[in-house]
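Each remark here refers to the structure printed beneath this line.
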Amino acid sequence: MNSVRKFIEWMTFHPAMEDIPRALATDYLTEFGVKGIRFGLLNSDDSILLLGQYGYPDAMAWRNRTIPSSEWQAIVSPDIQLIVSASGQEWTDDARFFVSTLRDHGVVQGYLIVEFTKPIDESKKQVISETIDNLCMPIALYLSFQIRRSPNQAISINSLGDSKDTGDAQLTARQLSILRGMVEGKTNHELATELGFSVSTVRHETMRIYQALTVSDRKEAAKKALVLGLI
Numbered sequence: 001m002n003s004v005r006k007f008i009e010w011m012t013f014h015p016a017m018e019d020i021p022r023a024l025a026t027d028y029l030t031e032f033g034v035k036g037i038r039f040g041l042l043n044s045d046d047s048i049l050l051l052g053q054y055g056y057p058d059a060m061a062w063r064n065r066t067i068p069s070s071e072w073q074a075i076v077s078p079d080i081q082l083i084v085s086a087s088g089q090e091w092t093d094d095a096r097f098f099v100s101t102l103r104d105h106g107v108v109q110g111y112l113i114v115e116f117t118k119p120i121d122e123s124k125k126q127v128i129s130e131t132i133d134n135l136c137m138p139i140a141l142y143l144s145f146q147i148r149r150s151p152n153q154a155i156s157i158n159s160l161g162d163s164k165d166t167g168d169a170q171l172t173a174r175q176l177s178i179l180r181g182m183v184e185g186k187t188n189h190e191l192a193t194e195l196g197f198s199v200s201t202v203r204h205e206t207m208r209i210y211q212a213l214t215v216s217d218r219k220e221a222a223k224k225a226l227v228l229g230l231i
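For what it's worth, the UniProt record's numbering labels the leading residue of the sequence shown as 1, then goes sequentially.
Below you can see the structure in the form of structure tokens.
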């Protein structure tokens with residue numbers, strides 16, 4: 001979880017899209033032997049906007065390119081075919097690729113694919129899966145605040161620096177600790193145990209956080225925290 005916390009702190013600097021897979025591969029997943037990472041978001045017509053990749057020679061040529069569904073779904077690669085099959089599996093049969101989903105309000109908005117230098121042993125898969133899925137949570141939050149969809153549902157990316165949604169955001173140290181836990185996806189019970197508060201205290205402070213940030217739920221609070229650089 002320390003790597004997730006450090007990653008969240010790094011995300012508050014509002015990195016460029018192409019820097020996200022680079023940071024994951026070179027700083028946060030180095031122990032697992034990563035060969036390459038790519039991620040993108042789906043349009044309503046199943047075309048995909050490739051936001052960034054690292055570890056591949058054609059990375060810059062494909063950045064911000066929208067690939068029609070007929071083109072990307074026809075790619076003969078185990079990771080792509082795993083997505084197309086909609087089997088619910090995260091690992092390819094050769095254990096060299098891991099596919100994680102990027103979600104907004106529980107709905108799949110895109111994918112992050114990690115390729116490893118060699119097949120991953122079965123005993124290590126769970127740790128790697130949990131690490132990548134946990135890292136994808138702040139990425140999904142970050143993207144959901146930047147995504148703007150036109151009337152035809154094509155995706156474009158906003159600049160967080162241009163956001164006028166600032167809010168009051170006058171939070172105490174206790175509230176900031178709870179807010180950080182929210183971004184990490186922790187429950188009230190987990191936060192109470194970790195921070196040494198009662199569950200009722202966490203609930204009360206959560207409501208105060210919502211009021212200070214002018215939001216109504218955890219998802220919006222986490223987005224606002226990333227935008228304002230509060231964590």
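Where is the CB? At the ideal position from N, CA and C, for every residue including glycine.
| Check | Outcome |
| --- | --- |
| My output table needs one value for Thr66: the three-state DSSP class, helix, strand or coil. | strand |
| I need the boundaries of the beta strand (DSSP E) containing Arg103, first residue and last residue. | 97-104 |
| Take Tyr56 and list the residues in its own chain whose beta-carbon comes closer than 6 Å to its own, dropping the five residues that flank it on each side. | Gly36 |
| Check each candidate in Val127, Ala222, Ile132 and name the one with the smallest Cα separation from residue 284. | Missing from the structure shown is residue 284; the chain here goes from 1 to 231 and no further. |
| Should the segment 116-125 be called in touch with the segment 9-24, which here means at least 3 C-beta pairs below 8 Å? | no |
| Quick check on residue 276: buried or exposed, where buried means 16 or more other Cβ atoms within 10 Å of its Cβ? | Since the first and last residues shown for the chain are 1 and 231, residue 276 lies out of range. |
| Along the alpha helix (DSSP H) that carries Gly181, what are the first and last residues, could you check? | 173-183 |
| Is the Cβ-Cβ distance between Arg38 and Leu29 less than 8 Å? | no |
| Compute the Euclidean distance between the alpha carbons of Phe197 and Phe98, then round it to the nearest angstrom. | 37 Å |
| Would you be able to state if there are at least three C-beta pairs under 8 Å between the segment 121-135 and the segment 40-49? | no |
| Let me make sure I understand the geometry here. Which of Ile139, Ala212, Lys6 has the alpha-carbon closest to that of Leu41? | Ile139 |
| Mind pulling the alpha helix (DSSP H) runs of 4 or more residues that sit fully within the segment 188-221? | 188-195, 199-213 |
| Cα-Cα, which of Ser70, Phe116, Leu171 is closest to Leu230? | Leu171 |
| Could you tell me the boundaries of the alpha helix (DSSP H) in which residue 232 lies? | Residue 232 lies beyond the stretch modelled for the chain, which goes from 1 to 231, so this question has no answer here. |
| Any idea which residues DSSP pairs Val107 with across the strands? | Asp104 |
| Please classify Asp79 as buried or exposed, where buried requires at least 16 other C-beta atoms within 10 Å of its C-beta. | buried |
| Between the C-alpha atoms of Thr131 and Asp93, what's the straight-line distance to the nearest angstrom? | 20 Å |
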